[in-house]
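Before any comments, here is the structure.
Here you go:
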């Protein structure tokens with residue numbers, strides 16, 4: 500998903516010009532570590548990353564559903580279940596990513612089709628924003644993770660290369676082009692960023708044979724599953740060490756762009772289609788024609804009719820969800836209903852505000868949902884910008900904090916100005932935010948935030 504597509508997608512309700520601009524940067528950030536869970540007979544556990552394979556098998560996993568609870572967001576759900584942002588958004592196009600409706604059931608697209616390439620080493624399908632690793636030489640096992648890739652103008656290249664070096668706690672030697680880009684925004688970068696929480700490479704990096712390109716962790720995990728990087732490939736902080744420890748230098752790496760996938764499972768034919776990005780109209784038409792030609796060849800050789808209406812509908816949706824397309828198919832999709840993991844409600848909870856700390860008045864809104872949405876987005880940043888929604892007489896304000904020092908607070912002020920085009924106001928310790936001095940609307944607006952009405 501491009502930033503412009505994200506901007507359109509998230510604009511579920513009018514939010515104001517500056518907030519809409521801010522949303523185009525929304526998923527580049529936030530950081531916490533989540534547990535790796537495994538499949539079990541009880542569908543209360545989350546998806547595993549590793550699958551056994553037969554020689555002819557090309558369809559993996561099982562789709563799932565989850566009922567939304569208060570405090571959920573689609574990015575947190577995606578991360579918990581081993582999905583990228585675009586994957587869960589495409590599967591749930593009518594759901595607000597930041598304020599999903601409590602009680603609503605969301606789809607978890609946990610079924611995948613392998614790209615059509617030899618099962619060896621690392622295979623990265625940029626269209627799916629997903630990595631597949633085939634350890635050893637038997638190709639009877641695959642490990643998969645969601646990835647973030649390069650954005651428009653900084654596309655991740657395609658081709659075959661290898662891992663030439665591994666580094667724990669890498670420093671980032673900032674390319675001149677990126678330093679110039681940041682300088683134009685008023686956000687100058689040093690030539691070298693040392694290892695640590697402010698390093699966008701995270702704690703692990705695999706250097707590729709293509710000069711300047713890495714597969715690495717990130718301090719901005721909610722950009723995983725999107726096309727937002729400067730070309731490198733990023734994994735969730737909890738996924739990269741699992742991959743890093745298994746990869747040896749010399750491991751083959753294939754970077755490819757296959758938006759049209761065909762797979763077989765138990766005699767059934769599946770297709771999985773992703774949006775075509777970073778391609779011109781001519782190339783898109785050529786790919787689509789080749790895909791349909793391949794399906795017609797399968798139809799002819801198998802002597803089984805394909806439901807072309809189903810194919811056309813899948814192309815129109817391009818939502819990355821595998822569907823069966825044989826007209827006589829009797830395969831019924833088994834969907835796992837997941838019990839809501841209690842860990843989700845504890846993922847992002849900012850520390851309580853207190854007057855003795857530095858705070859930031861971020862923005863003011865007439866209604867609560869816009870304020871809540873901005874607060875959720877800020878709490879997803881990497882590192883997080885702790886944000887709270889407070890009722891005032893004229894509406895609702897978003898306040899960031901607490902911050903232990905003016906330096907820490909000023910750093911967040913700069914991020915809010917540069918990345919979100921907002922005009923934040925720094926509030927000194929012991930100073931009362933003016934809007935909070937009028938408490939006449941306090942309790943009615945608290946009830947509004949909670950979704951209650953007062954009599």
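Numbering (our numbering), first residue to last: 500 to 954.
We treat Cβ as the ideally placed atom computed from N, Cα and C, and that holds for glycine.
Integer-rounded CB distance, given that residue 862 should sit under 8 Å from residue 873: Position 374 of the chain shown holds residue 873. Position 363 of the chain shown holds residue 862. Yes, they are in contact, since the Cβ atoms of residue 873 and residue 862 sit about 6 Å apart, within 8 Å.
With 16 other Cβ atoms within 10 Å as the buried cut-off, status of residue 772: Residue mapping note: residue 772 aligns to position 273 of the chain shown, counting from 1. Classification of residue 772: buried, given that the 10 Å Cβ count is 16 or more.
Residue 577 - containing alpha helix (DSSP H), residue span: Position 78 of the chain shown holds residue 577. Unbroken alpha helix (DSSP H) run through residue 577: 573 to 579.
For residue 614 and residue 755, believed in contact at Cβ under 8 Å, the rounded distance: Indexing the chain shown from 1 puts residue 755 at position 256. Indexing the chain shown from 1 puts residue 614 at position 115. With a Cβ gap of about 6 Å, residue 755 and residue 614 count as contacting.
Completely contained alpha helix (DSSP H) runs for the segment 670 to 711, where each covers 4 or more residues: 675 to 683
Classification of residue 628 by the beta-carbon crowding that lies within 10 angstroms, buried from 16 upward: Counting from 1 along the chain shown, the entry for residue 628 is found at position 129. Residue 628 should be labelled buried.
Cβ pair residue 743, residue 707 closer than 8 Å: Working through the chain shown from its first residue, we reach residue 743 at position 244. Working through the chain shown from its first residue, we reach residue 707 at position 208. Cβ distance not < 8 Å, so residue 743 and residue 707 don't count as in contact.
Residue of 676, 713, 559 and 660 minimising C-alpha distance to residue 690: For the purposes of this step, residue 690 is taken as the residue at position 191 of the chain shown. Of 676, 713, 559 and 660, the residue nearest in Cα terms is 676.
Neighbourhood of residue 775 by C-beta, 6 Å cutoff - its chain only, sequence neighbours within 5 removed: For the purposes of this step, residue 775 is taken as the residue at position 276 of the chain shown. Contacts found: 758 and 783.
Residue burial classification, residue 635 (beta-carbon count within 10 angstroms, cutoff 16): Here residue 635 refers to the residue found at position 136 of the chain shown. Residue 635 is exposed by the Cβ-count criterion.
Residue 907, enclosing beta strand (DSSP E) - first and last residue: By one-based count along the chain shown, residue 907 stands at place 408. Segment 905 to 919 is the alpha helix (DSSP H) holding residue 907; no beta strand (DSSP E) there.
Beta-carbon spacing of residue 849, residue 878 below 8 Å: Working through the chain shown from its first residue, we reach residue 849 at position 350. Working through the chain shown from its first residue, we reach residue 878 at position 379. Contact flag set, yes.
Beta strand (DSSP E) segments (min. 3 residues) lying fully within the segment 741 to 811: 751 to 755, 759 to 764 and 767 to 772
First and last residue of the uninterrupted alpha helix (DSSP H) at residue 875: Numbered from 1 along the chain shown, position 376 holds the residue referred to as residue 875. Its alpha helix (DSSP H) spans residues 867 to 878.
Cβ pair count under 8 Å reaching 3, the segment 578 to 588 against the segment 788 to 805: no
Pair within 8 Å by beta-carbon distance, residue 577 and residue 724: The residue labelled residue 577 in the question sits at position 78 within the chain shown. The residue labelled residue 724 in the question sits at position 225 within the chain shown. The answer is yes: Cβ separation under 8 Å.
CB of residue 643 within 8 Å of CB of residue 611, strictly: Locating residue 643 in the chain shown gives position 144, counting from the first residue. Locating residue 611 in the chain shown gives position 112, counting from the first residue. It is a contact, given that the beta carbons lie within the stated cut-off.
Reference residue 915; option with closest CA among 929, 884, 609 and 933: Residue mapping note: residue 915 aligns to position 416 of the chain shown, counting from 1. Per the Cα distances, 884.
Residue 664 - partner residues in DSSP beta bridges: Here residue 664 refers to the residue found at position 165 of the chain shown. 706, per the DSSP bridge assignment.
For residue 714, the first and last residue of its enclosing beta strand (DSSP E): Here the question's residue 714 lines up with position 215 in the chain shown. Taken as a continuous stretch (DSSP letters only), the beta strand (DSSP E) holding residue 714 covers 713 to 715.
When 673, 709 and 684 are compared against residue 698, the one with the closest alpha-carbon: Within the chain shown, the letter at position 199 stands for residue 698. The shortest Cα separation from residue 698 among 673, 709 and 684 belongs to 673.
Touch test, the segment 567 to 575 against the segment 595 to 603, Cβ-Cβ under 8 Å, three pairs minimum: yes
Touch test, the segment 649 to 660 against the segment 881 to 897, Cβ-Cβ under 8 Å, three pairs minimum: no
CB contact flag (residue 649, residue 728, <8 Å): Counted from its first residue, the chain shown places residue 649 at position 150. Counted from its first residue, the chain shown places residue 728 at position 229. Going by C-beta atoms, residue 649 is nearer than 8 Å to residue 728.
For residue 721, the three-state DSSP class (helix, strand or coil): As a first step, residue 721 must be located in the chain shown, where it is residue number 222. Helix.
Same chain, Cβ closer than 7 Å to residue 551, neighbours up to 5 away in sequence not counted: Indexing the chain shown from 1 puts residue 551 at position 52. So the qualifying residues of the chain are 639 and 640.
For residue 621, the first and last residue of its enclosing beta strand (DSSP E): The residue given as residue 621 occupies position 122 in the chain shown. From DSSP, the beta strand (DSSP E) with residue 621 extends over 620 to 624.
Bounding residues of the alpha helix (DSSP H) (the contiguous stretch that carries residue 584): Within the chain shown, numbered from 1, the residue matching residue 584 stands at position 85. From DSSP, the alpha helix (DSSP H) with residue 584 extends over 584 to 590.
Distance CB(residue 561)-CB(residue 785) smaller than 8 Å: Position 62 of the chain shown, counted from the start, is the residue given in the question as residue 561. Position 286 of the chain shown, counted from the start, is the residue given in the question as residue 785. It is not a contact, given that the beta carbons lie outside the stated cut-off.
Residues that DSSP places opposite residue 897 in a beta bridge: Your numbering for residue 897 matches position 398 in the chain shown. DSSP output for residue 897 lists 862 and 888 as bridge partner(s).
Per-residue burial, residue 685 [other beta carbons within 10 Å of its own, 16 or more giving buried]: One-based indexing of the chain shown puts residue 685 at position 186. Result: exposed.
Selection from 732, 590 and 589 that minimises the alpha carbon distance to residue 630: Within the chain shown, the letter at position 131 stands for residue 630. Checking every option, the nearest Cα to that of residue 630 belongs to 732.
Residue 819 at chain D interface by Cβ criterion, 8 Å: Protein chain content of the structure displayed is limited to a single chain, and chain D is not contained in it.
Identity of the residue in 910, 769 and 604 nearest residue 835 by Cα: Position 336 of the chain shown, counting from 1, holds the residue named residue 835. Closest by alpha carbon: 604.
Secondary structure of residue 734, DSSP reduced to three states: Counting from 1 along the chain shown, the entry for residue 734 is found at position 235. DSSP places residue 734 in coil when its eight states are reduced to three.
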